[in-house]
Structure formats: C-alpha cells, structure tokens
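Colleague: Under our numbering, the first residue of the sequence shown is numbered 7, with each subsequent residue one higher. This is the structure I want to talk about, given as structure tokens.
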Amino acid sequence: MVPVSSIVGMALTSVICMLVPVGGFVWIATRRDAGVRRYPKVGRAFAAGMLAFVASQLLTRIPLMAWLGSQDLSWAQWLVSAPVASFTAGLFEETGRLLVMLWLLRRFHRWIDGVSFGLGHGGIEAVLLVGLNQLVTLGLAILVNIDPGKLDQMPAGVREPLVTALTMRPPLDYYLAGVERIGAIGLHIGLSVLILWGIVAGRRALAWVSAVLIHGVSNLVVVLLATSGLPGASVLAEVALLALVAGFWTLFVLRSRPWFPTMPLR
C-alpha cells in the first residue's frame, strides 16, 4: 500500500505546479481600477516567459545535456556534473530570457511584465518537469492501493521496482517537491524582473551576468545541501532555496518597482 500521506503529497504538489502560476497570472490579469484593467496586455509577457523556457531548456540545453551524459569522455562528464550543470542552467535560461524579452517585450517594460514573464517561465517548467510526473505518479499510487492486479500487465522488471518506489519513498519527499517549485517560481519571477530592469536601465550585460550567477549559485546551494548527507538534508536544501529567494525579493525585486514605467511604451 502507498501511504495516504504520500498520495496527499503527490496531489498537493500537482496542484501547486498547475494552479500557482495560472492562478497568479489570472489574479494579475483581472485586477481593475474603476472598471479598467490595471495591467492591460500582461498576457504577452506570460506567454513570452513560457516560450523562453521551452526554447532555452526543452529545445536546447536538456537534449544537449542528455547527449553529453551519454559520452564516455572526461570533459563531457565534467560538463554534466552537478556544479557545472547548476551554472549551465543559468547560462541557457538567462540568455533565453534576455533574448525573448528583447524580441517580444519591446513595448512592455513594466515591473508587472517581469513578474508575469517569470510566472510563465517558472510555471511551464513546473508543469512539464514536475506537475505532469506527479499526476502520473498519483494515478499509479491510487491504482496500487485500489486495484493492484491491473499492474500485472506490466513486465515484472518494471512493476516490482515501481511498486517498491511508491511504497517505500518517504512521504516528505512529495511535499518537498511542491515547496521546491514554489521557490523555483519565485526565483524565476525575480530573475525576470532583474533582466527586464537591465533592459530598461540600459545595463543589459550587468543584469544578465548577475542573473546567471544568482541562478547558478541558487542551484548549486540546493544540490550541495541535498547531497550532503546531513540529517534532514532535503529539508535544509529547500529552506535554503526559500531563504535565498526571500532575500533576493527583499533586496531587489520589491525595491525595483519604482524603476519601471507604469504603462506600455508607445
């Protein structure tokens, strides 16, 4: 039997991945002042953020990393190692973020456009990399508990490891996956605001380098803590991520709002 607490964690993480970015965007898009939309055409930034993730990760970095991982070469294995991969994620995603903003957000330089862009970027990442997987896992867990006989159609070499993983994995892991997505979405929003600020202020290179470093360091801290072997390492990793994101928002993201135009450019 898969513990009920694990099933609840799977469902909760699925909801976080699907509803947090969509709910955040809907809340922004429906804000009104005296019957007039407060943030007109903010959906463009949301869609652009999704495109930036797909282009920078799904179509480029992820296939490249998969190919490198299959090569029995020392330099290739170095490139896919956790420390280097932490920064290549930042390199690809922040470059994609900058290029897509320059291409599609030429008239949309509001602070809220950066927020919406980050919701789209982090949201599609959450759905494709975590949310869909959690939904499939949830369905299998329910099947194991209600009608395990249906799994007999699977080859034994697939069925037994699957059932073992579902029944033996600590329930906390499923909840932490949801916490990690909240932190990741918050980070993507902050990095999007940073890159957009660089465009507005004419300091694109500074913003891009800063975003790559912040992204890479955040990834590296989480990876090192999660694999440290310390008691509660997984919890420490997610607490560290939330602390880094909270600090980033406090020191820059929230303070930067007055530095942006309040209306789309003509």
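Positions of the beta carbon are idealized from the N, C-alpha and C atoms, including for glycine.
Look at isoleucine 13 and leucine 144 and say whether their C-beta atoms are less than 8 Å apart.
Modeller: Cβ atoms of isoleucine 13 and leucine 144: closer than 8 Å.
Colleague: By Cβ distance below 8 Å, which residues in the same chain neighbour proline 46 in space, the five residues on each side in sequence not counted?
Modeller: Pro270, listed in sequence order.
Colleague: Between the C-alpha atoms of serine 20 and glutamate 186, what's the straight-line distance to the nearest angstrom?
Modeller: Cα to Cα, the separation comes out at about 12 Å.
Colleague: Leucine 248 and valine 227 - do their beta-carbons sit closer together than 8 Å?
Modeller: The answer is no: Cβ separation not under 8 Å.
Colleague: Are glycine 222 and phenylalanine 93 touching if we call contact CB-CB under 8 Å?
Modeller: A contact, by the Cβ cut-off of 8 Å.
Colleague: So what's valine 185 in DSSP terms, helix, strand or just coil?
Modeller: Of the three classes helix, strand and coil, the one that applies to valine 185 here is helix, per DSSP.
Colleague: Determine, using beta carbons only, whether glycine 184 and methionine 24 come nearer to each other than 8 Å.
Modeller: Their beta carbons are not under 8 Å apart, which means glycine 184 does not touch methionine 24 by this criterion.
Colleague: Contact defined as beta carbons within less than 8 Å: I believe tryptophan 265 pairs with valine 206. What is the distance between those atoms, to the nearest angstrom?
Modeller: Right, the Cβ-Cβ distance comes to about 7 Å (below 8 Å), so this counts as a contact.
Colleague: With a threshold of 16 other CB atoms inside 10 Å of the CB of serine 87, please say whether the residue is buried or exposed.
Modeller: Classification of serine 87: exposed, given that the 10 Å Cβ count is below 16.
Colleague: Note down the Cα distance separating valine 3 from alanine 190, rounded to an integer number of angstroms.
Modeller: This structure gives no information on residue 3, because the portion of the chain shown stretches from 7 to 272.
Colleague: For glycine 55, does the count of other Cβ atoms within 10 angstroms reach 16, so buried, or fall short, so exposed?
Modeller: Buried: at least 16 other Cβ atoms inside 10 Å.
Colleague: Which residues in the same chain have their Cβ closer than 6 Å to the Cβ of proline 9, if we skip the five residues on either side of it in sequence?
Modeller: Pro177.
Colleague: By the three-class DSSP mapping on this structure, what secondary structure does valine 42 have?
Modeller: Strand at valine 42.
Colleague: Measuring alpha carbon to alpha carbon, tell me which of Val121, Ile130, Gly235 ends up nearest arginine 263.
Modeller: Residue Val121 is the option with its Cα nearest to arginine 263.
Colleague: Using beta-carbon positions only, say whether alanine 40 and glycine 126 come within less than 8 Å of one another.
Modeller: Contact: no.
Colleague: According to DSSP, is threonine 19 helix, strand or coil?
Modeller: The answer is helix: DSSP assigns threonine 19 an H, G or I state.
Colleague: Could you give the C-beta distance for valine 28 and glycine 128, rounded to a whole number, given that I count them as a contact under 8 Å?
Modeller: Rounded, the Cβ-Cβ distance is 12 Å, inconsistent with contact.
Colleague: State yes or no: is the beta carbon of arginine 261 nearer than 8 Å to at least one beta carbon in chain D?
Modeller: The chain inventory of the structure shown lacks chain D, comprising one protein chain alone.
Colleague: Hey, how far is the Cα of methionine 174 from the Cα of alanine 147?
Modeller: Spanning the two alpha carbons is a distance of roughly 12 Å.
Colleague: If I measure Cβ to Cβ from valine 229 and keep anything under 7 Å in the same chain, skipping five residues before and after, which residues do I get?
Modeller: The answer, listed in chain order, is Ala88, Ser92.
Colleague: Quick check on DSSP: helix, strand or coil for histidine 221?
Modeller: If DSSP states are grouped into helix, strand and coil, histidine 221 belongs with the helices.
Colleague: Got a sec? Which residues, its chain only, sit under 7 Å from isoleucine 220 by beta carbon, not counting five neighbours each side?
Modeller: Within the same chain, isoleucine 220 has close Cβ partners Leu197, Phe254.
Colleague: Which residues bound the alpha helix (DSSP H) around proline 154?
Modeller: Premise fails: proline 154 is in no alpha helix (DSSP H) and is neither H nor E.
Colleague: Look up glycine 102 in the DSSP assignment and say whether it is helix, strand or coil.
Modeller: Correct three-state label for glycine 102: helix.
Colleague: With burial defined as no fewer than 16 other Cβ atoms inside 10 Å of the residue's Cβ, what is the status of leucine 65: buried or exposed?
Modeller: Exposed.
Colleague: Would methionine 7 and asparagine 151 be called neighbours here (beta carbons separated by less than 8 Å)?
Modeller: Yes, Cβ-Cβ distance for methionine 7 and asparagine 151 is below 8 Å.
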